[in-house]
Amino acid sequence: MRIIIIGAGRVGLGALGVALAMQGHELVFAARRDDQVAELNHYGYAVATKGSVEATVDVRGVRAVKIPGEEFIREVAIANQIYTSVRPDNLPEIASLIAEAILHRIRSGITQPLDVFCCENLKNAGSQLERLIFAGLPFQYAQQVQDHVSFNAAISDRIVSSQNRDESGRLLITADAMGDVLFDTLQIKGDFETLPPFKGLDNFPACIEEKLYILNCGHAVCAYLGFQKGYTYIHEAMADEGINHAVVGAMLEAQRALHQKHGKTLHYGSLIGDILESFSNAALMDTVARVGRDPLRKLQSDDRLIGPAKLAYRYGIEPTHLIQGCAAALSFAQTGDPQAAELQKLIKERGAVYALDFVSQLRPWNPLSKLISQAYQQAGS
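Position 324, counted from 1, in the sequence shown is what the numbering used here calls 310; the numbers after and before it change by one each time, with no gaps.
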């Protein structure tokens, strides 16, 4: 199959790209920078896995095109699948470029199925991308797009910690050995042979909620508590007994709440031990700054911290460690992180209660707002 990956960052290269390339697909990366496009076209890249299995995979024979650009539009015309891995705040701009390319495809009379996968840590990622793309399409083409194009969600749970250079200067991605790519099977129009590490799910919305509220939650709690204690790396924070206890506690609180909601443990709830092992993997050299970045997004009402705290509270589960993680997120002041700077400015000018109202939609009279702001004040005293 011909597959386009929009976004040549850590996840695009180290999780999606390497998996699809190893399956023998014709792979095209769409990237913004001319130097990145040239490098991928000439040299490919390598992925070093660290953990229970250590190996280096040489990824060659891939192509890259500039986005935006005419070459990208031509590639979309003949593609079978598109994956986006661009971070949620970039989706509106990327959606308009995909819409333009799909419109060219439809006007060219191409009717073969096209499956688009939004690989972002978002609930309803596929429908969000679909809505953004349809907003950029003329109304008269809507039915043709619906007939021939599907919009789906996918997530990678592989921890991809860094993007560096090997001894020869070639691009080298470092990633954990563990990791699957899970995708929603309900809307797919084309052929899709499911090979590891790809796993199709028919209960995908519940699964991505579980990933956000268990895996991403634990990772974030570790980063924010680690920042408070001055750690540089995630594995250092995990070696701290107090932080480790809080991370495990937050994940278990979320797991219990999700079990109450769905009546069963789905996927990530049964993998907490493996997830914790990945967090503690010193070979990844994963930084607190990377995992904690963009705290405004991660403190949104349905994201990895506030979301499970609200769910636990709804089901009568005391969210002690989730509250601890939320409070620590309010303290995140990582240098060079624009969202961290904005958050600290907001708290300094208006206070933690206002920040929770503005960022997380937790009203001042909400019990969770009171508990989090109290924990924040206590941590700073």
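Where a beta carbon is used, it is the ideal one built from N, C-alpha and C, also for glycine.
Inspect the beta-carbon positions of residue 6 and residue -11 and report whether they are closer than 7 Å.
-> yes
The alpha helix (DSSP H) with residue 133 in it runs from where to where?
-> 128 to 134
The alpha helix (DSSP H) enclosing residue 12, as first and last residue numbers | Taken as a continuous stretch (DSSP letters only), residue 12 belongs to no alpha helix (DSSP H), being part of the beta strand (DSSP E) at 12 to 17.
Residues near residue 287 by beta carbon distance below 6 Å, same chain, minus five either side = 346, 347
Which one of 319, 250, 95, 189 has the shortest CA to CA distance from residue 64?
-> 95
Could you tell me which residues DSSP puts in a beta bridge with residue 186?
-> DSSP lists 169 as partners of residue 186.
Helix, strand or coil for residue 138 per DSSP?
-> strand
Given a cut-off of 7 Å, decide if residue 141 and residue 194 are closer than it, judged by their beta-carbon atoms.
-> yes
Using 10 angstroms around the beta-carbon of residue 250, count the other beta-carbons present and answer buried if the total reaches 16, otherwise exposed.
-> exposed
Rounded to a whole number of angstroms, what is the C-alpha to C-alpha distance between residue 187 and residue 289?
-> 21 Å
Consult DSSP for residue 148 and reduce its assignment to one of helix, strand or coil.
-> Strand at residue 148.
Tell me the DSSP bridge mates of residue 105?
-> Residue pairing of residue 105 in beta bridges, as defined by DSSP: absent, with no partner found.
Leaving aside the five residues before and after residue 261 along the sequence, list all residues of the same chain whose C-beta is less than 6 Å from its C-beta, in chain order.
-> 201
Endpoints, the alpha helix (DSSP H) within which residue 52 is located = Residue 52: not part of any alpha helix (DSSP H); member of the beta strand (DSSP E) spanning 49 to 52, first to last residue.
Under 7 Å between C-beta atoms of residue 233 and residue 204 = yes
Mapping DSSP to helix, strand and coil, what is residue 67?
-> If DSSP states are grouped into helix, strand and coil, residue 67 belongs with the strands.
Proximity below 7 Å, CB of residue 319 to CB of residue 330 | yes
For the segment 25 to 40 against the segment 170 to 183, are there 3 or more C-beta pairs whose distance is under 8 Å?
-> no
Going by Cα to Cα distance, which pick from 106, 220, 48, 118 is closest to residue 82?
-> In this structure, 118 is the residue among 106, 220, 48, 118 with its C-alpha nearest to the C-alpha of residue 82.
Sufficient close CB pairs (3 or more, under 8 Å) joining the segment 136 to 156 to the segment 265 to 282 | yes
So what does DSSP say about residue 158, is it helix, strand or coil?
-> strand
Backbone secondary structure at residue 339 - three-state DSSP = helix
Answer with buried or exposed for residue 182, where buried requires no fewer than 16 other C-beta atoms within 10 angstroms of its C-beta.
-> exposed
What residues match up with residue 247 in a beta bridge as DSSP calls it?
-> For residue 247, which the question treats as bridged, DSSP gives no partner whatsoever.
Which whole-angstrom value describes the C-beta separation of residue 103 and residue 138, a residue pair presumed to lie in contact below a C-beta threshold of 8 Å?
-> 5 Å
Applying the criterion that 16 or more other CB atoms from any shown protein chain within 10 Å of the CB defines a buried residue, is residue 101 buried or exposed?
-> buried
Helix, strand or coil: which one does DSSP assign to residue 300?
-> Residue state for residue 300 is assigned as helix, using DSSP reduced to three classes.
N-terminal and C-terminal residue of the alpha helix (DSSP H) that residue 220 is part of = 220 to 224
Reduced DSSP category for residue 31 - H, G, I as helix; E, B as strand; rest coil | strand
Is residue 237 near residue 265, with beta carbons less than 7 Å apart?
-> no
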